[in-house]
Amino acid sequence: MATFIAAAIIPAFPELAEDLGVSLQQVSYLTTLQIAFLAVAPAIHRPFANTFGRRPMFLVSLLVSMLGNIGCAKSSSYAAMAACRAIVAFFISPAAALGSGVVTETFLKKHRARCLGIWTLMTIISVPLAPLIMGFIAAAGGYQWIYWMLAIINGLQLVAYFFLGPETRYVRDTNELKSSSFKRQYLNFKRIDPRPLSLNDFIHPFGLWRKISVVLPTVAHAMVFLFCNTLIAVEIPNLFGEKFGFNSQQLGLQFIGMIVGHALGEPISGTLSDYWMNRRARKTGCKAQPEYRLWFSYLGFMLAIAGVVVFLVQIQLAPQDHWNITPVIGIALAGAGNQIATTVLVTYAVDRHPQEAASIGVFVTFIRQVWAFIGPFWFPPMFTSVGLVASSGIATGLIVAVSLIPTAFIHWSSRSRQAQEKGSSV
262 MATFIAAAII
272 PAFPELAEDL
282 GVSLQQVSYL
292 TTLQIAFLAV
302 APAIHRPFAN
312 TFGRRPMFLV
322 SLLVSMLGNI
332 GCAKSSSYAA
342 MAACRAIVAF
352 FISPAAALGS
362 GVVTETFLKK
372 HRARCLGIWT
382 LMTIISVPLA
392 PLIMGFIAAA
402 GGYQWIYWML
412 AIINGLQLVA
422 YFFLGPETRY
432 VRDTNELKSS
442 SFKRQYLNFK
452 RIDPRPLSLN
462 DFIHPFGLWR
472 KISVVLPTVA
482 HAMVFLFCNT
492 LIAVEIPNLF
502 GEKFGFNSQQ
512 LGLQFIGMIV
522 GHALGEPISG
532 TLSDYWMNRR
542 ARKTGCKAQP
552 EYRLWFSYLG
562 FMLAIAGVVV
572 FLVQIQLAPQ
582 DHWNITPVIG
592 IALAGAGNQI
602 ATTVLVTYAV
612 DRHPQEAASI
622 GVFVTFIRQV
632 WAFIGPFWFP
642 PMFTSVGLVA
652 SSGIATGLIV
662 AVSLIPTAFI
672 HWSSRSRQAQ
682 EKGSSV
């Protein structure tokens with residue numbers, strides 16, 4: 262719901278601009294504002310989640326988010342709505358950052374890519390799914406009902422998680438371990454880690470910039486996400502609205518391509534890459550190196566580049582007011598590439614440092630969301646200055662330079678290191 266809430270109002274941008282008396286570009290800041298908070302807030306939530314547990318943080322998150330969405334529905338000014346959106350973004354963010362930690366705490370390593378893939382799929386697919394669903398709701402009842410529906414969903418999640426969501430974090434040698442499993446998982450709201458909170462708990466995830474096996478995959482993922490997710494999601498109302506004169510329902514339907522692309526990319530990046538790693542382990546008789554999974558990332562990069570190019574070029578070439586499906590095909594290709602690259606790169610980083618799984622989630626979310634926050638400010642000037650076709654070339658160059666080449670460097674470094682180790686052992 263963290264990314265779902267951020268993207269939910271996208272098809273209602275024109276109605277929001279008219280009702281609040283602001284420009285379409287200013288309305289888009291209601292989404293980029295949430296993106297910014299989703300970048301910073303997880304670093305604040307993580308220490309409290311480690312100290313008091315995941316379950317209390319998620320329950321508080323859902324409760325305050327529900328209240329914030331009610332505030333958005335009742336807001337009559339741009340400033341009030343922006344303030345409520347900021348509150349929602351701050352409190353809904355734990356799920357976006359702690360997911361990798363919860364998955365690592367819950368599932369075995371041999372299933373990690375598949376389970377992390379499901380988490381990343383739900384996080385990413387929410388961006389296109391929200392406009393698709395909320396476009397119909399906005400058309401039927403007005404944009405206010407988008408916020409009412411989000412509040413209702415948060416309320417249902419709160420009830421469901423209270424009864425069905427157990428605590429996944431445990432600290433050994435604490436009194437809680439002596440209590441029953443049910444009480445420990447569902448009824449304990451006291452701190453589970455006796456260590457006092459310190460400043461290092463809040464800044465620790467940012468220390469991961471010193472680990473090249475975390476930084477390079479994170480940056481590679483962030484660049485692909487920027488063009489395959491943020492650019493497409495934020496710019497669909499502007500590009501399709503101006504070119505084809507679409508209403509909120511029609512804008513929402515364009516996101517079907519992204520949903521299909523992510524759904525098709527997930528089995529490749531999750532289940533198939535787990536099979537790839539397990540097959541390698543059986544063949545060699547020892548644990549497969551995490552870098553072996555990176556072979557799948559190149560497929561993700563290629564699909565990402567192809568998708569962004571098709572999306573932008575085909576919109577540029579389409580006649581005014583004459584829609585065709587080719588840009589949506591580009592959206593689907595970009596979605597598949599984004600999903601494959603995201604799951605493979607995040608799983609690689611977690612495999613390299615499983616003890617830092619929760620911190621990696623915070624670090625990845627921070628870098629990705631900062632880039633996603635900055636993007637909407639320079640996308641429109643880029644389109645105006647060089648056009649959509651040339652912009653696709655810029656996107657291609659950045660994905661190659663920031664994503665493909667660094668990943669290939671990690672791959673090459675690992676193979677060189679293994680060759681040296683074999684040579685020294687002979």
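Take 262 as the starting number for the sequence shown in our numbering and just add one per residue. Beta carbons: idealized from backbone N, C-alpha and C, even for Gly.
Considering only MET519, LEU487 and PRO427, the residue with the shortest C-alpha distance to PHE638 is LEU487. Per the coordinates, the alpha-carbon of THR587 lies some 37 Å from the alpha-carbon of PHE351.
The beta carbons of PRO466 and SER620 sit about 4 Å from each other, so the pair counts as a contact at 8 Å. The region 303–312 and the region 647–666 do not touch, with fewer than three beta-carbon pairs separated by less than 8 Å.
Secondary structure note for TYR408: its alpha helix (DSSP H) is the uninterrupted segment 405–425.
Nearest to ALA481 by C-alpha distance, out of ASP612, ASP582, LEU659 and ILE348, is LEU659. The alpha-carbon of LEU500 is positioned some 26 Å away from that of MET383.
For TRP537, the uninterrupted alpha helix (DSSP H) run begins and ends at 534–545, by DSSP. The alpha carbon of PHE670 has as its nearest neighbour, out of VAL647, THR292, SER558 and GLY531, the alpha carbon of SER558. Per DSSP, the unbroken alpha helix (DSSP H) holding PHE501 starts and ends at 493–505. Contact check for MET327 and ALA412: beta-carbon distance about 5 Å, within the 8 Å limit, so the pair qualifies.
Going by beta carbons, LEU564 and TYR609 fall outside the 8 Å limit. Contact check for ILE592 and GLY568: beta-carbon distance about 7 Å, within the 8 Å limit, so the pair qualifies. Around the beta carbon of ASN585, a 10 Å sphere encloses fewer than 16 other beta carbons of the protein chains shown; the residue is thus reported as exposed. Closest option to PHE627, judged by alpha-carbon separation, among LEU578, VAL475, PHE562 and ILE520: VAL475.
Taken atom to atom, the span from the alpha-carbon of PHE572 to that of ASN490 is near 12 Å.
Using a 10 angstroms sphere on the CB of GLY636, the tally of other CB atoms reaches 16 or more, which defines it as buried. For ILE517, the closest of LYS371, PRO392, SER459 and GLY403 by C-alpha to C-alpha distance is PRO392. In the three-state DSSP reduction, GLY314 falls in the coil class, being neither helix nor strand. Rounded to the nearest angstrom, the Cβ distance from GLY362 to GLY622 is 6 Å, consistent with a contact under 8 Å. Distance between ALA263 and VAL589, taken at the CA atoms: about 25 Å.
Of the other Cβ atoms in all chains shown, fewer than 16 fall within 10 Å of the Cβ of ARG543; this residue is therefore exposed. Between GLN550 and ILE407, the alpha-carbon positions lie close to 46 Å from each other. Here GLU428 carries a coil assignment [DSSP, helix/strand/coil].
Separation of TYR553 and PRO667 (C-alpha to C-alpha, rounded to the nearest whole angstrom) is 15 Å.
Each residue's CA atom was taken as its position, placing THR312 and ILE453 some 6 Å apart. If you look at ARG613, you'll find it in the alpha helix (DSSP H) that goes 587–613.
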